[in-house]
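**Student:**
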Amino acid sequence: MDEELLIQEALRQRRRQRTGMSLAGALALAVFFAAVGFLLAAHPGAITIGLPYPFSPDFLGPVLTAFGVIALLIAASFVVTAVSGPRPRDPWGEPAPGDCPACGQPALRSGEVTVWEASTLLAVASGTVTLCGTPGCPHATAGPDRGLAGAGSSPGPLGRAAG
Ligand SMILES: [Zn+2]
7 MDEELLIQEA LRQRRRQRTG MSLAGALALA VFFAAVGFLL AAHPGAITIG
57 LPYPFSPDFL GPVLTAFGVI ALLIAASFVV TAVSGPRPRD PWGEPAPGDC
107 PACGQPALRS GEVTVWEAST LLAVASGTVT LCGTPGCPHA TAGPDRGLAG
157 AGSSPGPLGR AAG
């Protein structure tokens, strides 16, 4: 059962990585913060113009400029995240040795996967999943780590080997 959870989580990660959603999201946020930061830092008058007395440009100008600089720094950090993060082109996981038993191609890739229980944020399963990178090939194996799900009462691998 843990194997099935791990494989499904690995497939979900691989699908999400292929869509490039994280990269596009980070770039969109970077553009947003850069635009806001540039507006605030370079043109504080564009914000304060037409505002009533307490929000005078003399008072708000330096504050808006400071916020603008912070927004620009946030934008830069998003750009760094987007550039250094996983690319959509990169396949999931690390190359694994051997040929796929299902399709015979040396396209196996493996990675560490942890499945979280949504409501409690406790890890319900964790282990190494090996997926085949060949399009359409359904081969997938998982090796759960010991000591997470069902721990406590379980004798563990040593007890299992003895009994
Ligand atoms: Zn295969």
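Last residue of the sequence shown: number 169 in the working numbering, and the count goes up by one each step with no gaps. Each residue gets a CB set at the ideal place from its N, CA and C atoms; glycine is no exception.
1) Since C143 is in the beta strand (DSSP E), which residue starts that stretch and which ends it?
2) From which residue to which residue does the beta strand (DSSP E) around G99 run?
3) Rank C143, P141, S132, G139 by C-alpha distance to the C-alpha of A149 and give the top, closest one.
4) Where V75 and V119 are concerned, what is the direct C-alpha to C-alpha distance, given to the nearest angstrom?
5) Using beta-carbon positions only, say whether H36 and A81 come within less than 8 Å of one another.
6) Residues in its own chain within less than 8 Å of P144 by CB, not counting five upstream and five downstream?
7) Can you tell me which residues form a DSSP beta bridge with S116?
8) Under the rule that 16 or more other beta-carbon atoms within 10 Å means buried, what is E10, buried or exposed?
9) Using the beta-carbon count (16 or more within 10 Å), is G31 buried or exposed?
**Tutor:** Considering the structure as presented:
1) Counting along the chain, C143 falls outside any beta strand (DSSP E), and DSSP gives it neither H nor E.
2) From DSSP, G99 is part of no beta strand (DSSP E); its letter is neither H nor E.
3) Looking at the sequence shown, residue 149 is not Ala but Gly. Ranking the options by Cα distance to G149, first place goes to S132.
4) 38 Å
5) Inspection of the sequence shows that residue 36 is occupied by Ala rather than by His. Contact: yes.
6) A108, C138
7) E100, T136
8) exposed
9) exposed
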